[in-house]
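K.L.:
For the protein sequence lines, the chains are A and B, in the order given.
So the first sequence is numbered by this note's numbering: it starts at 1 and just counts up by one.
So the second sequence is numbered by this note's numbering: it starts at 369 and just counts up by one.
Here a beta-carbon is modelled for each residue, glycine too, at the ideal position from N, C-alpha and C.
After the structure tokens below, expect a handful of questions from me.
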Amino acid sequence: MRFVFKTSYDADIRWFKHGAQMFWYAILLAIMLAVPLYFMATGDPYLLGEFTSVLIFAIAGMGLMLLTGQTGLVSLGHATFMAMGCYANVLLLNAGVPWLISFPLVGLLAGVFGTIIAFPVLRLHGVYLALATLAMSILTGDFIILGEAWTGGVSGIAVPDISIFGYGVNKYANPYAYYYVVLAVVLIVLAFYRNLLRSPTGRSFAAVRDSEISAQAMGINLTRTKATSFFFSCAAAGLAGALFGHNATYVTHETFDVVMSITLLLMIVIGGLGFIHGAFLGAIVVGLIPVLIANGRSFLATTFDVNINIPGLESAMFASILIGFILFEPMGLYGRWLKIRTYFELFPFYRKDMFRRQKSYLKTERVK
Amino acid sequence: MDFVQLVVSGLANGCVYGLIALGFVLIYKATEAVNFAQGDFMMIGAFVCVGLTNAEYMGLSFWLAIPLAMLIMAALGYAFDWGVLRHMSGQSQTSIVILTIALGFILRFAAGTIWSHEPVSLETPFAGQDLRFNGIVLGIDEIAIIVVTVVLTALLFLFFSRTKLGVAMQAASQNQLAAYYMGIPVKRIQSMVWALSGAVAAVAGILFASKGAIDPSAGLLGIKAFAAAAIGGFGSLPGALIGGLIIGLVEPFSSRYGPPGVSQIAPYAILLLVLIFRPGGLFSQSQKKKV
């Protein structure tokens, strides 16, 4: 059992709760830094590519987590902001802007774009916001086709390589350097996210999520808080979109479709709504399922001579996993880990109801 | 003459959208949950009817197959609420939204596995027959859709205003706790609402499949029905139908008279405009939250 004895207010907002936590995160960071060395030794960077795309999805997931998990606004249209980031990045690079300038600029642009879009829909909440963002997500493909002069429309557009002070980074030519670039972005976004949660802004997000009425009563400007959340969330999604473009090397109007928006949302729910860890765990699950299914399929085919080839099996499995999580573990993978950890930390004193939520009854705002 | 045909086919499409939207609204009113799988319910209902009537499957009479398909879909709706959603009470709306999205994926997969991904059309007694007068050609199927929708709406209206069960459903949707105190079995009522909306989805699916072909991805039509429901204000049954008719009429007219590409964008653009300028929909029922 460990007691964290808080002796100052700073203890509540420290980066790490105690030394052991810092130690484990340092080890995780060291492993993440060392991963490419292993693949360099084996000489087969295929799995490293999977690692990299998981990290990219984690960035987008962090963006959506900030909005949905921290502020309680559901967006079914985050692929739109990824598309925005991706195309803006390609256009800037093609115009000759160096990557080190274009990349942060893309985040800023996506954030501003998101805030502009958000303002009219911020008055909506719950289902209406989800619907408005869903409609936006459906329209994205059509608008990309309409803007064919810039986006290449249906035939798509090639994404130029990253170039840092003349050092070119390409996914195929140099997967190791590409991994480090993505990892660096992950770390920056992560540090920003963690810091934001420690600040008054981040706390006002949580207040708005838990009860808009009490947040207002505490003097929080609802519209401004929500717009801020949209800004940061869309900025992260834009950055993820730009990296996704570099990863795909070629994007069309179908790259950022509704399914991607929905996948992002499902991802953070599986990972655990409201926890930064959840974005990463969800990205790992989403990245791993196709690999696992492919492996399982070839295993069955080689060992038992059974060929399973059912179209749509992947999304159905994904959906079943998701239903299982919502029913039996609404706090997601990270919530399950928290429960296990608490069980051991409090060893003989853990009770089953410690994470139980309060029951609520429905009282609608509709009168008739 | 062109104009009349466009109106009729637009109205027929709009009725299907409206019926799917009606399903959303029924569930939303009763449980404050939004069923993102309503379009897939419609698709499954159509496939069930295809499985019952078409010669290569069971080959039952069309008129027998309709009530059977409605019953099966009602049972499916009831089972989903009883088996899954009842355990979710008190959880956030977000998780229910995500749950029904996941259910949609599973239904699409199930339909594809059972009935294949090829488009099938329903064998109806009136398939391919036309009604001609004064040079106007109207498909019997389109007229049937409009008539059935009107009849169904009238029946639903009578059900909600005249029967005990309908009034109990209204009560449970307005205030759960008060309804409990009045002795209404709220949980069972909610399952019945799901059953009702399953049956309505079956009718929508049968109408849709009798007009053209159906395949597992037809459930995505549900998104257009969302637009219809939101335009109508999500809490209003007539609003949902009118929203459906608006969307149904806008589509053929914008593709006939508008520039290319507009007809795909139009329903969603209307949805966004309505949400921005009249967030409660055209038939708004919500009020500002007060402490």
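Taking the alpha carbon of Ser622 (chain B) as the point to measure from, which residue in B:Gly413, B:Tyr385, B:Leu609 and B:Ala637 has its own alpha carbon closest?
P.N.:
Translated into the one-based positions of the second sequence, residue 622 (chain B) becomes position 254. Taking only the C-alpha atoms, the option nearest Ser622 (chain B) is B:Ala637.
K.L.:
If the cut-off is 8 angstroms on Cβ atoms, which residues from the stretch 118-135 of chain A count as contacting chain B, listed in chain order?
P.N.:
For the stretch 118-135 of chain A, which is checked against every Cβ of chain B, the residues closer than 8 angstroms are Pro120, Val121, Arg123, Leu124, Gly126, Val127, Tyr128, Ala130, Leu131, Ala132, Leu134 and Ala135.
K.L.:
Does the stretch 267-274 of chain A come within contact of the stretch 185-204 of chain A, defined as at least 3 CB pairs closer than 8 angstroms?
P.N.:
Cβ pair count under 8 angstroms is below three, so no.
K.L.:
Identify the continuous beta strand (DSSP E) that holds Arg2 (chain A) and give its terminal residues.
P.N.:
Translated into positions along the first sequence, residue 2 (chain A) becomes position 2. No beta strand (DSSP E) contains Arg2 (chain A), which DSSP labels as neither H nor E.
K.L.:
On the CB-based measure, 16 or more other CB atoms within 10 Å of its CB, does Val367 (chain A) come out buried or exposed?
P.N.:
Locating residue 367 (chain A) in the first sequence gives position 367, where the first residue counts as 1. Reliability fails at Val367 (chain A), whose pLDDT of 43 lies under 50, so the model's placement of it is uncertain and the value that follows must be treated cautiously. That one is exposed.
K.L.:
If you pair each beta-carbon of the stretch 529-545 of chain B with each one of the stretch 374-387 of chain B, do three or more pairs fall below 8 angstroms?
P.N.:
Touching, no.
K.L.:
Please list the segments of the beta strand (DSSP E) lying wholly inside the stretch 120-173 of chain A, counting only runs of 3 or more residues, in order along the chain.
P.N.:
For the stretch 120-173 of chain A, whole beta strand (DSSP E) runs of length 3 or above, ordered along the chain, are 162-164 and 167-169.
K.L.:
Taking CB distances under 7 angstroms as the criterion, tell me whether Gly480 (chain B) reaches chain A.
P.N.:
Residue 480 (chain B) sits at position 112 when you count from the first residue of the second sequence. Cβ-Cβ to chain A under 7 angstroms: yes for Gly480 (chain B).
K.L.:
Is it right to say Arg454 (chain B) is buried, meaning 16 or more other beta carbons lie within 10 angstroms of its own, or is it exposed?
P.N.:
Along the second sequence, one-based indexing puts residue 454 (chain B) at 86. Exposed, by the Cβ-count rule.
K.L.:
Mind listing the chain A neighbours of Thr462 (chain B)? Cutoff is C-beta to C-beta under 9 angstroms, in chain order.
P.N.:
Start at 1 with the first residue of the second sequence, and residue 462 (chain B) comes out as number 94. Result: Thr68, Gly72, Val74, Gly126, Ala130, Leu265, Val269 and Leu273.
K.L.:
Give me the Cα-Cα distance between Ser8 (chain A) and Gln70 (chain A), rounded to the nearest whole angstrom.
P.N.:
For the purposes of this step, residue 8 (chain A) is taken as the residue at position 8 of the first sequence. For the purposes of this step, residue 70 (chain A) is taken as the residue at position 70 of the first sequence. Spanning the two alpha carbons is a distance of roughly 25 angstroms.
K.L.:
Per the DSSP calculation, Val488 (chain B) is bridged to which residue(s)?
P.N.:
As a first step, residue 488 (chain B) must be located in the second sequence, where it is residue number 120. Beta-bridge pairing links Val488 (chain B) to B:Ile582.
K.L.:
Using a cut-off of 7 angstroms between C-beta atoms, extract the partners of Ile474 (chain B) located in chain A.
P.N.:
Sequence index remark: in the second sequence, residue 474 (chain B) carries index 106 (1-based). Ordered by position in chain A, the residues that pass the 7 angstroms Cβ test against Ile474 (chain B) are Ala316, Ala319 and Ser320.
K.L.:
What is the DSSP secondary structure of Val97 (chain A), reduced to helix, strand or coil?
P.N.:
On the first sequence, residue 97 (chain A) is found 97 positions in, with the first residue counted as 1. In this structure, Val97 (chain A) counts as coil in the three-state DSSP scheme.
K.L.:
Mapping DSSP to helix, strand and coil, what is Asp449 (chain B)?
P.N.:
Numbered from its first residue, the second sequence carries residue 449 (chain B) at position 81. If DSSP states are grouped into helix, strand and coil, Asp449 (chain B) belongs with the helices.
K.L.:
Please identify, using Cβ separations under 8 angstroms, the residues of the stretch 631-649 of chain B that lie next to chain A, in order along the chain.
P.N.:
Listed by position along the chain: Gln632, Ile633, Tyr636, Ala637, Leu639, Leu640, Leu643, Ile644 and Pro647.
K.L.:
With a cut-off of 7 angstroms, does the C-beta of Phe525 (chain B) fall near any C-beta of chain A?
P.N.:
The residue labelled residue 525 (chain B) in the question sits at position 157 within the second sequence. False, the Cβ-Cβ gap to chain A never drops below 7 angstroms.
K.L.:
Quick one, are the C-beta atoms of Gly573 (chain B) and Met410 (chain B) less than 7 angstroms apart?
P.N.:
The sequence position of residue 573 (chain B) within the second sequence is 205, counting from 1. The sequence position of residue 410 (chain B) within the second sequence is 42, counting from 1. Taking 7 angstroms as the Cβ cut-off, Gly573 (chain B) and Met410 (chain B) qualify as a contacting pair.
K.L.:
Decide yes or no for the touch test of the stretch 236-255 of chain A against the stretch 283-294 of chain A: beta carbon pairs closer than 8 angstroms, at least 3 of them.
P.N.:
In short, these stretches do not touch, since the Cβ pair count stays below three.
K.L.:
In chain order, which continuous runs of the alpha helix (DSSP H) of length 4 or greater are located wholly inside the stretch 584-659 of chain B?
P.N.:
Entirely contained in the stretch 584-659 of chain B, the alpha helix (DSSP H) runs reaching 4 residues are, in chain order, 590-600, 605-625 and 630-645.
K.L.:
Can you grab the Cα-Cα spacing for the pair Asp408 (chain B) / Arg476 (chain B), in whole Å?
P.N.:
On the second sequence, position 40 is the one that residue 408 (chain B) refers to. On the second sequence, position 108 is the one that residue 476 (chain B) refers to. Taking the straight line joining both Cα atoms gives about 7 angstroms.
K.L.:
Check whether the stretch 204-224 of chain A touches the stretch 75-91 of chain A, counting contact only when three or more Cβ pairs, one atom from each stretch, lie closer than 8 angstroms.
P.N.:
No, because fewer than three Cβ pairs between the stretch 204-224 of chain A and the stretch 75-91 of chain A fall closer than 8 angstroms, the two stretches do not touch.
K.L.:
Using the beta-carbon of each residue, which ones in chain A are nearer than 8 angstroms to Ala596 (chain B)?
P.N.:
The count along the second sequence starts at 1 and reaches residue 596 (chain B) at position 228. Under the 8 angstroms cutoff, chain A gives no residues; its nearest Cβ is about 11 angstroms from Ala596 (chain B).
K.L.:
Just to confirm my understanding: we take Gly472 (chain B), look at its own chain, exclude 5 residues before and 5 after, and list those with CB closer than 8 angstroms. What are they?
P.N.:
Looking up residue 472 (chain B) in the second sequence gives position 104. Same-chain partners within the cutoff: Phe404, Ala405, Gly407, Asp408, Gly587 and Gly590.
K.L.:
Considering only residues of the same chain and omitting the five flanking positions on each side of Val659 (chain B), which have a CB-CB separation below 8 angstroms?
P.N.:
Against the second sequence, residue 659 (chain B) aligns to sequence position 291. Residue confidence for Val659 (chain B) is low, a pLDDT of 43 falling below 50, so the modelled location carries little weight and cannot support an answer.
K.L.:
Does the beta carbon of Leu312 (chain A) sit closer than 7 angstroms to a beta carbon anywhere in chain B?
P.N.:
Residue mapping note: residue 312 (chain A) aligns to position 312 of the first sequence, counting from 1. What sits at residue 312 (chain A) in the sequence shown is Gly, not Leu. Yes, Gly312 (chain A) lies at the interface with chain B (some Cβ there is under 7 angstroms from its Cβ).
K.L.:
Taking 8 angstroms as the limit between beta carbons, can you name the residues of its chain near Ile582 (chain B), skipping five residues before and five after?
P.N.:
Translated into the one-based positions of the second sequence, residue 582 (chain B) becomes position 214. Excluding sequence neighbours, Ile582 (chain B) sits near Met411, Ala414, Phe415, Val418, Pro487, Val488, Ser489, Leu490, Gly573 and Phe576.
K.L.:
Within the same chain, show all residues whose beta-carbon is closer than 7 angstroms to that of Ser631 (chain B), passing over the 5 residues directly before and after it, in chain order.
P.N.:
In the second sequence, counting from the first residue as 1, residue 631 (chain B) sits at position 263. Answer for Ser631 (chain B): Glu619, Ser622 and Ser623, listed in chain order.
K.L.:
Give the straight-line distance between the Cα atoms of Lys657 (chain B) and Gln459 (chain B), rounded to the nearest whole angstrom.
P.N.:
The sequence position of residue 657 (chain B) within the second sequence is 289, counting from 1. The sequence position of residue 459 (chain B) within the second sequence is 91, counting from 1. In this prediction, Lys657 (chain B) scores a pLDDT of 47, lower than 50, which makes its location untrustworthy; no coordinate-derived value is stated.
K.L.:
Identify every residue that forms a DSSP beta bridge with Val505 (chain B).
P.N.:
To locate residue 505 (chain B), count along the second sequence from 1; it is residue 137. Paired residue(s): B:Arg500.
K.L.:
What did DSSP end up calling Val251 (chain A) once you bin it into helix, strand or coil?
P.N.:
Mapped onto the first sequence, residue 251 (chain A) falls at position 251. Strand, per DSSP.
K.L.:
Which runs of the alpha helix (DSSP H) fall wholly inside the stretch 271-336 of chain A and span at least 4 residues, in chain order?
P.N.:
Entirely contained in the stretch 271-336 of chain A, the alpha helix (DSSP H) runs reaching 4 residues are, in chain order, 276-303 and 313-328.
K.L.:
So, is the C-beta of Val402 (chain B) closer than 7 angstroms to a C-beta in chain A?
P.N.:
Along the second sequence, one-based indexing puts residue 402 (chain B) at 34. Output row for Val402 (chain B): interface = yes.
K.L.:
Along the stretch 402-423 of chain B, where does the CB come closer than 7 angstroms to a CB of chain A? Name the residues.
P.N.:
If the cut-off is 7 angstroms between Cβ atoms, the stretch 402-423 of chain B has Val402 near chain A.
K.L.:
Take Leu420 (chain B) and list the residues in its own chain whose beta-carbon comes closer than 7 angstroms to its own, dropping the five residues that flank it on each side.
P.N.:
Looking up residue 420 (chain B) in the second sequence gives position 52. Hits under 7 angstroms: Met426, Leu428, Ala433, Leu436 and Ala437.
K.L.:
From Trp99 (chain A) to Arg356 (chain A), what distance separates their C-alpha atoms?
P.N.:
In the first sequence, counting from the first residue as 1, residue 99 (chain A) sits at position 99. In the first sequence, counting from the first residue as 1, residue 356 (chain A) sits at position 356. Whole-angstrom Cα-Cα distance: 48 angstroms.
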